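In order, the protein sequence lines correspond to chains A and B. Residues 1466 to 1825 (the numbering used here) are what the first sequence spells out, left to right. Residues 1466 to 1825 (the numbering used here) are what the second sequence spells out, left to right. All residues carry an ideal CB built from backbone N, CA and C; glycine is no exception. If you're wondering where the values come from, they're calculated on a predicted model, not measured in any experiment.
2 protein chains.
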Amino acid sequence: MIISIKAIYLLKRLSKYITKLGNKKKATIKDIANVLNISPAAVSKALHNDSRISEKTKKAVRQVAKNLNYQPNHLASALRLGKSNLVGVIVPRTNSNFFSSVIQNIEEVLNKEGYNIIITQSNESYKKECDNIDTLLFTQVDGIIASMANETVDLDYYEKVKSKGIPLILFDRGENDLNVDYIGINDYDSSHMIIEHLVNQGCKRIAHIGGFKRTRIYNNRIKGYTDAIKKHNLPLDDELLIESSLTIKDGRNKMLQLLNLNKRPDAVYVAGDYAALGALQVLNENNIKIPEDIALVGFGDEPFTAMVTPTISSINQHSAEIGRLAALTFLEHAKKDVITQSLNKKILDAELIVRDSSGK
Amino acid sequence: MIISIKAIYLLKRLSKYITKLGNKKKATIKDIANVLNISPAAVSKALHNDSRISEKTKKAVRQVAKNLNYQPNHLASALRLGKSNLVGVIVPRTNSNFFSSVIQNIEEVLNKEGYNIIITQSNESYKKECDNIDTLLFTQVDGIIASMANETVDLDYYEKVKSKGIPLILFDRGENDLNVDYIGINDYDSSHMIIEHLVNQGCKRIAHIGGFKRTRIYNNRIKGYTDAIKKHNLPLDDELLIESSLTIKDGRNKMLQLLNLNKRPDAVYVAGDYAALGALQVLNENNIKIPEDIALVGFGDEPFTAMVTPTISSINQHSAEIGRLAALTFLEHAKKDVITQSLNKKILDAELIVRDSSGK
DNA sequence: AAAATATGCTTAAACGTTTAAGCAAACTAA
DNA sequence: TTAGTTTGCTTAAACGTTTAAGCATATTTT
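Right, dumping it as structure tokens:
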């Protein structure tokens, strides 16, 4: 009997709060406390399964929380605990198979550990990248995982992140000067693999449409190219090595430039798939046989390389693994509260996918 | 003289706080207040350019804030103000030109108004989508802009968002049953445009590889297809209308299925570009001339449609405009604090891009 | 039976910000 | 002069959580 009277009493209080909820306000821990006539502290502990709260109370709290459609206020707990459980991710763009795959894997690893990620895009612009960093710092992220814009040379903004004591992990596009963790593939070796492959296919005059030297990864690809060419005693003409922005359009222009040479190359290694596509279009339009007249190799293994005619050989950058490792590296930092910037450079071996544009 | 003594005094306090900062702690409004010997409230007001604070104080506050490398704590202000200035975006995947372009435009519009966006991916999975919604609610987003997963049929989770009084805007993949704002293109009319175009090219037996009927947009495309076929008095055979998941692989399979018919179609309209690509591959492999033997039209205007051979005619979905409108619709809701779910369906006219796969 | 320990809560302060209300001092208007 | 207004701040409470400290009761140990 006494129980039923209690139950009726509770129901009354509950319904009172449910109607209050109807008036738009979100339920808080206080509301639950009021319904059950206990303190907010007890509710908080019950929800966190504190050992000093009775099973009976815990059950009641969980039940009322459900009925009131209670959702913990992340802002409040984050403020109190001094951590947001948010991780910022900065990429040049999401519209690329490489970056979206990296992101997906970062998300997968971090979600399991209770973190959520905020994705921002720099669109390869330095200014936008700085804005993104400000945004992320403002949002009180617990860490930042970033791939720098092509344009970025000034590292002050990244120093700002470091000075705040927030873990910073770079991937793909990084900088040695910034003493932070880095995950990437071995660009230098990748170039060697490509030249090796082209030499095996019988190519004797290999050109390179590269990215800008100031970006470390493109510089490494260029170094790998020149060293490999020297190693095989092939001609290393200035006219065969071209820097570019690696867009489709630029790929077209630089390919035309190569076609206009007195001594045309018999193979072209392009440091990016989009530019490689532009090059391919020019070759097709000029009825140049690929790979018989000129062989072509790209970089990045974008899905379209397997879609165009002929399909383009390319380098697989292990995006999934890079994402996974970047996330794990962040978690390492997050777990130990002492912010030891223990340099953690992880360089993965890339893989050459041979397709029609360079295969026999 | 007095000024210089004051200045020295200030410098002393400042340096004391700067060393304190060196010990990792982030500067707060309180630190600024302590340096200047004024109240935190005054500092807050100074930073917000309150008219009741003297210019002198404002200048001093700004200077000290800069010196201490002060960054406002978003969590605290969001908690106090009851809004996070974050907007959640849910897409099936970011690795698609359509979605990444929508996202970019949402971001552009919202950033200008002081909002930041949190991007999450459902990977076309209903479960992941629910997780994403929980995540976003937990993060206290001020609104959600979403495109539903293919799988999603149960709308309870979206009702949950509505019941919290959080503005919800759907785009591309929406549902009429959920009484919320929606931005999309006119799928029904798009089908008409395509059939019209194919008829003009002399096609007389047009097949449709569509998406699943349960998804509204694909259903509309199917309806548009059947109505247009009827209108032109063309054969509307069951064997010419196929539902599929619209992946590359499925595109291949369904195209093979069509090739095995006794009476092959002379045109195929595929409801997605990826599936259209699969179909194209099968046609190429079987040495079927495109568009002479069979014409092909895709949907979505993915960049690769202009890259493959032959280039694929497709429908431009106005991703930029959709993103812009979705963001503006959210802002409308955000500005009026009364949450009037004034239904706001915006249907844009799509555009047919004619390329080699269906042009003469 | 007294002392020690365990159980199940409550109280109160804190996280960093914002803001209504208040209060001197300085200025203005009568 | 005196009341009224403006200026430039301060005080204190609030947002929703978490948690150290405290305090009755109940239970166990001596």
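Near VAL1606 of chain A, which residues of its chain fall below 8 Å by C-beta distance, leaving aside the five closest residues on each side in sequence?
The answer, listed in chain order, is SER1549, LEU1551, VAL1552, GLY1553, ILE1583, ILE1631.
What does the Cβ neighbour count give for SER1655 of chain B, buried or exposed, with the cut at 16 atoms within 10 Å?
buried
List the endpoints of the continuous alpha helix (DSSP H) containing LEU1601 of chain A.
Its alpha helix (DSSP H) spans residues 1591–1603.
Can you check whether the CB of VAL1529 of chain A is closer than 8 Å to the CB of LEU1512 of chain A?
No, the Cβ-Cβ distance between LEU1512 of chain A and VAL1529 of chain A is not below 8 Å.
Would you list the one or two residues that DSSP bridges to ASN1781 of chain A?
Paired residues: A:GLU1816.
Tell whether a beta-carbon distance below 8 Å holds between HIS1697 of chain A and VAL1819 of chain A.
no
Give a yes or no on whether the C-beta atoms belonging to GLY1689 of chain A and TYR1653 of chain A are separated by under 8 Å.
yes
Secondary structure at THR1585 of chain B, three-state DSSP: helix, strand or coil?
In the structure shown, THR1585 of chain B sits in a strand (DSSP, three-state: E or B).
Straight-line gap, ASP1637 of chain B to SER1778 of chain B (C-alpha atoms, nearest Å)
Looking at the two C-alpha atoms, the distance is approximately 20 Å.
Quick check on the DSSP output: the beta strand (DSSP E) that includes PHE1636 of chain B runs from which residue to which?
1633–1636
Could you check what DSSP says for ALA1611 of chain A in three-state terms: helix, strand or coil?
Residue state, collapsed to three classes: strand.
Please compile the residues from chain B whose C-beta is within a distance smaller than 7 Å of the C-beta of LEU1540 of chain A.
LEU1540, ALA1543, LEU1544, SER1549, GLN1605
Would you kindly check if the distance between the Cβ of VAL1747 of chain B and the Cβ of MET1720 of chain B is under 8 Å?
yes
For LEU1546 of chain A, does the count of other Cβ atoms within 10 angstroms reach 16, so buried, or fall short, so exposed?
exposed
Say whether the stretch 1573–1582 of chain A touches the stretch 1753–1771 of chain A, bearing in mind that this needs 3 or more beta-carbon pairs closer than 8 Å, one atom from each stretch.
no
Is GLU1708 of chain B helix, strand or coil by DSSP?
strand
Looking only at C-alpha atoms, which of B:SER1509, B:VAL1664, B:LEU1601 sits nearest to GLN1536 of chain B?
B:SER1509
Tell me the rounded alpha-carbon separation between TYR1739 of chain B and GLU1572 of chain A.
25 Å
Less than 8 Å between C-beta atoms, sequence neighbours within five positions excluded: which residues of the same chain meet that for THR1522 of chain B?
LEU1501, ILE1503, ALA1507, ALA1511
As assigned by DSSP and simplified to three states, the class of VAL1606 of chain B
coil
C-beta neighbour in chain A for LEU1796 of chain B, strict 8 Å:
no
is_contact[LYS1800 of chain A, chain B] using C-beta, thresh 8 Å:
no
Should ARG1789 of chain A and VAL1645 of chain A be called a contact, given that it needs their Cβ atoms to be closer than 8 Å?
no
Close Cβ partners of MET1466 of chain A (< 6 Å) along its chain, the five nearest in sequence each way excluded:
Note that MET1466 of chain A has pLDDT 40, beneath the 50 cutoff, so the model's placement of it is unreliable and the number below is only indicative. Excluding sequence neighbours, MET1466 of chain A sits near nothing in its chain.
Could you list the residues in the stretch 1712–1735 of chain A with a C-beta less than 8 Å from some C-beta on chain B, going in chain order?
none
Should ILE1468 of chain B go down as buried or exposed, given a rule of 16 or more other Cβ atoms within 10 Å for buried?
Because the pLDDT of ILE1468 of chain B is 46, which lies under 50, any placement of that residue in the model is unreliable, and the question is left without a value.
What three-state label does DSSP hand TYR1647 of chain B in the structure shown?
DSSP places TYR1647 of chain B in strand when its eight states are reduced to three.
Could you pull the start and end residues of the beta strand (DSSP E) that ALA1672 of chain B belongs to?
1671–1675
Span separating the alpha-carbon of ALA1541 of chain A from that of GLU1640 of chain B:
34 Å
Nearest candidate by alpha-carbon position, reference GLU1616 of chain B, set B:ARG1679, B:LYS1800, B:ASN1538:
B:ARG1679
Taking its Cβ as the centre, do 16 or more other Cβ atoms sit within 10 Å of ASP1621 of chain B, making it buried, or is it exposed?
exposed
Label SER1565 of chain A either buried or exposed according to how many other C-beta atoms from any shown protein chain fall within 10 Å of its C-beta, with 16 as the threshold for buried.
buried
Can you confirm whether PRO1537 of chain B, when its beta carbon is compared against all beta carbons of chain A, has any partner nearer than 8 Å?
yes
Along the beta strand (DSSP E) that carries ILE1759 of chain A, what are the first and last residues, could you check?
Per DSSP, ILE1759 of chain A belongs to no beta strand (DSSP E) and is neither H nor E.
Backbone secondary structure at MET1466 of chain B - three-state DSSP
In this prediction, MET1466 of chain B has a pLDDT of 41, which is less than 50 and means its spatial position is unreliable; nothing more can be read from the coordinates.
Between the CA atoms of LEU1723 of chain A and CYS1668 of chain A - distance to the nearest angstrom
16 Å
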